[in-house]
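*Asks:* So the sequence shown is numbered by the working numbering: it starts at 1 and just counts up by one. Every residue gets a Cβ at the ideal spot worked out from N, C-alpha and C, and that includes glycine. Owing to the predicted nature of the structure, the values given are computational and were not obtained by experimental measurement.
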Amino acid sequence: MQKVDAVIVGGGPCGLSAAIELQNIGLKPIVIEKGNIVNAIYNYPTHQTFFSTSEKLGIGDVPFITEERKPHRNQALVYYREVVKLKNVHVNRFEKVESVIKEQNGFFTVTTDKAIYETPYVVVATGYYDQPNYMNIPGENLPKVYHYFKEAHPFFDTDVLVIGGKNSAVDAALELNKAGARVTVCYRGSDYSSSIKPWILPEFAALVRNEEITMHFNSTVKEIHDNDVVLNIGGKEVVIKNDFVFAMTGYHPDHTFIRAMGVTIDEDTGRPTYDPETMETNVENLYIAGVLAAGNNANEIFIENGKFHGGFIAKNIVEKQGK
Numbered sequence: 001m002q003k004v005d006a007v008i009v010g011g012g013p014c015g016l017s018a019a020i021e022l023q024n025i026g027l028k029p030i031v032i033e034k035g036n037i038v039n040a041i042y043n044y045p046t047h048q049t050f051f052s053t054s055e056k057l058g059i060g061d062v063p064f065i066t067e068e069r070k071p072h073r074n075q076a077l078v079y080y081r082e083v084v085k086l087k088n089v090h091v092n093r094f095e096k097v098e099s100v101i102k103e104q105n106g107f108f109t110v111t112t113d114k115a116i117y118e119t120p121y122v123v124v125a126t127g128y129y130d131q132p133n134y135m136n137i138p139g140e141n142l143p144k145v146y147h148y149f150k151e152a153h154p155f156f157d158t159d160v161l162v163i164g165g166k167n168s169a170v171d172a173a174l175e176l177n178k179a180g181a182r183v184t185v186c187y188r189g190s191d192y193s194s195s196i197k198p199w200i201l202p203e204f205a206a207l208v209r210n211e212e213i214t215m216h217f218n219s220t221v222k223e224i225h226d227n228d229v230v231l232n233i234g235g236k237e238v239v240i241k242n243d244f245v246f247a248m249t250g251y252h253p254d255h256t257f258i259r260a261m262g263v264t265i266d267e268d269t270g271r272p273t274y275d276p277e278t279m280e281t282n283v284e285n286l287y288i289a290g291v292l293a294a295g296n297n298a299n300e301i302f303i304e305n306g307k308f309h310g311g312f313i314a315k316n317i318v319e320k321q322g323k
């Protein structure tokens, strides 16, 4: 068993920010990440542009400087790699946390697929990107159905259905159209979502008006088959030809993982029990950071505000140690 000052579960921007804040108060935390750092950002679409400015995405007082106000995915990957090197953040890559148990002596036993750690403090910053929201409809598990969009090229000259009407769906539809796919978008809302990035909505709406993208409002998917999909459009059942489906229906946190640690969860909101001033959960010295604190409402916490959670945690630890 290895004894460490603190364990941070998750190597996204908010987990890395928490590690830096704990280093600033003299601790030597380790970050345990099942992939590599900022794994969720790595899994974003290749040509993704962030909604936020580079300044707001910066962590650890390391400037994030780009020519454009809004950075691209690749620029963010470079930036966060540099932050880890500059701040000498200890990251255990490709290591998966299997359990976190609070022992009677007040310490935590953190068991991974590679090692066992003993630590007085644990910060869970696991995000939500690994848990897609499923529609629970026939055919959703077919190989042709994806819940993540990466590249458009493989779908050239195919019939593609994109499910959803927010940023991830619109971004995917634009890239697919650009690559020569025949794109249909199915959205249960009655109009374009107000959350769509304002600089891409005009382009998307123009493609719809010009019938280069087919847009169905007030619609849901009833069934998915090998060669077609069944839609419910305004109460009418319609069958359309289809090769691939991108179900961009959002994501949710892994409640099972944190609940097993003893953290209570509000059943209605999915929000863990925690003090917003310290980020400490109902389990003493077990903290959360990042979007996990938002529960099911993933639009409440982003990198821009979640990066400050580490500072709240560090302040609380200093106060405890001073008593």
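Can you tell which of Thr-220, Phe-107 and Ala-169 has the C-alpha that lies nearest to the C-alpha of Pro-324?
*Replies:* Outside the displayed range of the chain (1 to 323) lies residue 324, so it cannot be described from this structure.
*Asks:* Counting Cβ pairs, one atom from each stretch, are 3 or more of them under 8 angstroms apart for the segment 199-216 and the segment 96-104?
*Replies:* Not touching, per the Cβ criterion.
*Asks:* Work out the CA separation of Ala-179 and Pro-29 for me, nearest whole Å.
*Replies:* Cα to Cα, the separation comes out at about 44 angstroms.
*Asks:* Which residue or residues does DSSP assign as beta-bridge partners of Cys-14?
*Replies:* The partner list for Cys-14 (beta bridge, DSSP) is empty, contrary to what the question assumes.
*Asks:* Can you confirm whether the segment 58-76 touches the segment 217-234 when touching is taken to mean that 3 or more C-beta pairs between the two stretches lie within less than 8 angstroms?
*Replies:* The segment 217-234 vs the segment 58-76: no contact.
*Asks:* Could you name the residues of the same chain whose beta carbon sits closer than 6 angstroms to that of Ser-168, not counting the 5 residues immediately before and after it, in chain order?
*Replies:* Excluding residues within five positions, the ones whose Cβ falls inside 6 angstroms are Met-248.
*Asks:* In chain order, what residues of the same chain lie with their CB nearer than 7 angstroms to the CB of Asp-113, ignoring the 5 residues before and after it?
*Replies:* Around Asp-113: Glu-95, Lys-96 and Glu-98.
*Asks:* For the pair the segment 126-146 and the segment 260-277, tell me if three or more CB-CB distances fall below 8 angstroms.
*Replies:* Touching, no, given that fewer than three Cβ pairs across the two stretches are closer than 8 angstroms.
*Asks:* Can we say the segment 269-278 touches the segment 172-189, given the rule of at least three CB pairs closer than 8 angstroms?
*Replies:* No, the segment 269-278 does not touch the segment 172-189.
*Asks:* Output the distance between the C-alpha atoms of Thr-109 and Leu-201, rounded to the nearest integer angstrom.
*Replies:* Distance between the alpha carbons of Thr-109 and Leu-201: 48 angstroms.
*Asks:* Pop quiz: Val-124 and Ile-288 are said to be a contact at Cβ under 8 angstroms. What is the actual Cβ separation, rounded to whole angstroms?
*Replies:* With 8 angstroms as the limit, Val-124 and Ile-288 qualify as a contact, their Cβ atoms being about 5 angstroms apart.
*Asks:* Strictly by DSSP, which residues pair up with His-72?
*Replies:* Bridge partners of His-72: Thr-49.
*Asks:* Below 8 angstroms on the Cβ atoms is my contact criterion, and I expect Gly-290 with Gly-35 to pass it. Report the Cβ-Cβ distance as a whole number of Å.
*Replies:* So it is not a contact: roughly 16 angstroms between Cβ atoms.
*Asks:* His-216 and Val-185 - do their beta-carbons sit closer together than 8 angstroms?
*Replies:* Going by C-beta atoms, Val-185 is nearer than 8 angstroms to His-216.
*Asks:* Which first and last residues belong to the beta strand (DSSP E) in which Asp-133 is found?
*Replies:* Residue identity check: residue 133 is Asn in the sequence provided, not Asp. Segment: none, Asn-133 is in no beta strand (DSSP E) and carries neither H nor E.
*Asks:* When you compare only the Cα positions, how much space is there between Leu-77 and Gln-321?
*Replies:* Rounded to whole angstroms, Leu-77 to Gln-321 spans 35 angstroms at the Cα level.
*Asks:* To the nearest angstrom, how far is it from the Cα of Tyr-42 to the Cα of Gly-10?
*Replies:* Each residue's alpha carbon lies about 14 angstroms from the other.
*Asks:* Taking only runs of the alpha helix (DSSP H) that begin and end inside the segment 196-252, which ones reach a length of at least 4 residues, in chain order?
*Replies:* The qualifying runs are 201-209.
*Asks:* Determine, using beta carbons only, whether Arg-259 and Gly-295 come nearer to each other than 8 angstroms.
*Replies:* No. Outside cutoff.
*Asks:* Could you check the C-alpha separation between Phe-51 and Ile-317 for me, to the nearest Å?
*Replies:* Each residue's alpha carbon lies about 33 angstroms from the other.
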